[in-house]
Ligand code: CP3
C-alpha cells in the first residue's frame, strides 16, 4: 500500500485532534470558485448560484474540482451560509455582481424550523456524493454560518455594515435574540444532517463577529456557538469543530476558551504566534495567509507560506488563508502555494 493507506487517520483530522503534523495539512477558504475555469463552466451550466448549490451532481463536482487540480487535504462542501435563512423560509436571491438579497424579516415566528430538513435535503445529498467520491485521506469539511453572522444578513437583508442588526441589539434585543435562537436551532439540525451524511468535521463561519463589543460578542457569538458545539459534541463526540470568529481580535481568546471548539481559524490580521501564546497548546489553529498575497504570487507568496508554517511549527496547525481566495487569483499561484508548503524542510526546533 502507499503512504496514504486507507486505514491511516487523515492528516487534517490528526491536527484537529491536537497533533502537530509537518508539513501542515492545507485547504483554502473559497477554494471552489470563480478563479477556476472549470468552476465557471459548471456555474454557467447551472445558471445561477443558488441552483448550483441545490443541484447535488453539480455541487459535488465543484467541491471536488480543487482537490483534483491541487490535492488539498480538505474539501469544503460547496454551498453557502445563507442556505439556513432560505431553509427557514426567508426569500433569498443572489443578484449578479451585487451579492445576496434577502426578504424582509419582522418576526422570528415567521421562521419555520419544521421545513429545514426538507429544504436542505439537496445539500445533504451533495455531502454524501462528495464523501463517496473522495479518497479517505481527503477530509470533507461541512459548514454553516455562525448564528450572529447569518442573522446580520437576515435582518439587514444584504451585506454592508449591518447597522440594522447592530442597532437591534440595543433597541429590540428580544427580537434579535429570537432570530439568533431560531438560527442556532436550524444550524444544529443542518450540521447534524451534514455529519450523518458524511462530513468528517464542520466549520462555523462567523465572518462578522468582529463588529460586536465584548458584552454583545459574549451574547450573540460565544453563547450560540457554544450551544451548537455542545449539541454536536453530545451526539457526535468524535467530530471536530472549527470556529472562525473573524476580526474578533483579543476576543478570539475568549471564543477559544468558552465555545468548546477544537480549532480556530485566524483571519488575516491575526499574528499566529501571538494568538498561539494565548490559547491551549492542543487547540488547532488554522490560517492565515493574506488572500492578496496569493493573488500577487511570486517570491513574496512563497516567503509568506514559509513564515506562517514555521511560526506554527510544533503545534497543531492547518494551513489556510485569512479569508477567501479572490476571484481574480491565478490558479497557478494556488498550485505554487500548495507545492511550496509541501516542499518546506522541517525546522530544527529545539523546543519540540
Ligand atoms: O469553497 C468554499 O469556501 C465553499 C463554499 C462557500 C461559499 N460561501 C461559496 C460561495 C462558503 C464556505 C461560503 C461562506 C460564506 N458565504 C460566508 C462566510 C465566509 C466569508 O466569506 O466571510 C459568507 C459571509 C457568505 C455570504 C455570501 N455568499 C456573499 C456575501 C456572497 C457574494 C459575494 C461573492 O463572493 O460573490 C456569496 C456568494 C458565494 N458563495 C460565491 C461562492 C463561490 C460566489 C457565487 C458565484 O459563483 O457567483
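In my numbering, the protein residues as written are 836 to 1187.
Ideal placement from N, C-alpha and C gives every residue a C-beta, glycine not left out.
Just so you know, these numbers come straight off a predicted model, no measurement behind them.
If you measure from the CB of residue i, is any heavy atom of ligand 1 nearer than 6 Å?
i, result
"residue 904", "no"
"residue 878", "yes"
"residue 875", "no"
"residue 938", "no"
"residue 945", "no"
"residue 976", "no"
"residue 884", "yes"
"residue 916", "yes"
"residue 966", "no"
"residue 865", "yes"
"residue 1159", "yes"
"residue 911", "yes"
"residue 1045", "no"
"residue 1059", "no"
"residue 1154", "no"
"residue 1071", "no"
"residue 926", "no"
"residue 1078", "no"
"residue 1040", "yes"
"residue 935", "yes"
"residue 981", "no"
"residue 1122", "no"
"residue 1174", "no"
Using only CA atoms, which one of the options lies nearest to residue i?
i, options, result
"residue 934", "1067, 885 and 975", "885"
"residue 898", "932, 969, 1156 and 1122", "969"
"residue 1169", "1133, 845, 846 and 1150", "1133"
"residue 987", "924, 879 and 920", "920"
"residue 906", "878, 880, 862 and 1104", "862"
"residue 1018", "881, 980 and 1029", "980"
"residue 1027", "939, 966, 1050 and 1066", "1066"
"residue 1155", "1146, 1122, 1131 and 1142", "1122"
"residue 963", "942, 1034 and 1003", "1034"
"residue 1159", "1167, 1171, 1127 and 1146", "1127"
"residue 849", "1173, 1161, 1165 and 1153", "1153"
"residue 1037", "1166, 1145 and 1078", "1078"
"residue 891", "870, 904, 914 and 874", "914"
"residue 1161", "1087, 1106, 1086 and 1131", "1131"
"residue 1029", "1007, 1172, 978 and 972", "978"
"residue 1129", "940, 1108 and 1167", "1167"
"residue 1050", "1005, 1072, 1110 and 872", "1005"
"residue 931", "966, 883 and 1163", "883"
"residue 1144", "875, 965 and 1173", "1173"
"residue 939", "1117, 993 and 1068", "993"
"residue 1007", "959, 941 and 972", "941"
"residue 902", "1074, 995 and 966", "966"
Can you check whether the CB of residue j is closer than 7 Å to the CB of residue i?
i, j, result
"residue 974", "residue 894", "no"
"residue 851", "residue 860", "no"
"residue 1015", "residue 1055", "yes"
"residue 948", "residue 1020", "yes"
"residue 984", "residue 1060", "no"
"residue 976", "residue 868", "no"
"residue 925", "residue 937", "yes"
"residue 1119", "residue 1098", "yes"
"residue 1045", "residue 1011", "no"
"residue 889", "residue 957", "yes"
"residue 1151", "residue 855", "yes"
"residue 879", "residue 887", "no"
"residue 951", "residue 1023", "no"
"residue 1198", "residue 1086", "Since the first and last residues shown for the chain are 836 and 1187, residue 1198 lies out of range."
"residue 1074", "residue 1096", "no"
Quick one: what's got a C-beta closer than 7 Å to residue i's C-beta in the same chain, skipping five residues either side?
i, result
"residue 813", "Residue 813 lies beyond the residue range present for the chain, which begins at 836 and ends at 1187; the question has no answer from this structure."
"residue 1108", "1146"
"residue 1070", "1027"
"residue 874", "867, 868, 897 and 900"
Spatial neighbours of residue i within its chain, please: C-beta separation below 6 Å, excluding the five flanking residues on both sides.
i, result
"residue 1175", "1137 and 1140"
"residue 991", "997, 999 and 1000"
"residue 943", "1013, 1014 and 1017"
"residue 857", "1181"
"residue 954", "922"
"residue 844", "none"
"residue 1177", "858"
"residue 1117", "853"
"residue 959", "1028 and 1032"
Identify, in the order they occur along the chain, each residue of the same chain with its Cβ nearer than 8 Å to the Cβ of residue i, setting aside the five sequence neighbours on each side.
i, result
"residue 1125", "1103, 1139, 1156 and 1157"
"residue 1171", "1132, 1136 and 1137"
"residue 917", "927, 935, 937, 980, 985 and 988"
If we define contact as Cβ-Cβ less than 7 Å, is residue i a contact residue for chain B?
i, result
"residue 857", "In the displayed structure, chain B is absent; only one protein chain is listed."
Closer than 6 Å: is that where the CB of residue i sits relative to any heavy atom of ligand 3?
i, result
"residue 1133", "With respect to ligand 3, the structure offers nothing, as its ligand set consists of ligand 1."
Practice problem: Counting only runs of 3+ residues fully inside the stretch 1032-1086, write out the beta strand (DSSP E) ranges in chain order. | Solution: Runs found: 1036-1041 and 1075-1080.
Self-check item: 4-residue-minimum alpha helix (DSSP H) runs that sit fully inside the stretch 890-937, ordered along the chain
Solution: DSSP runs (the alpha helix (DSSP H)) wholly in the stretch 890-937: 891-905 and 918-922.
Quiz prompt | Complete beta strand (DSSP E) runs within the stretch 1150-1174 (minimum length 3 residues, chain order) | solution = Those beta strand (DSSP E) runs which fall completely within the stretch 1150-1174 and span 3+ residues are 1152-1156.
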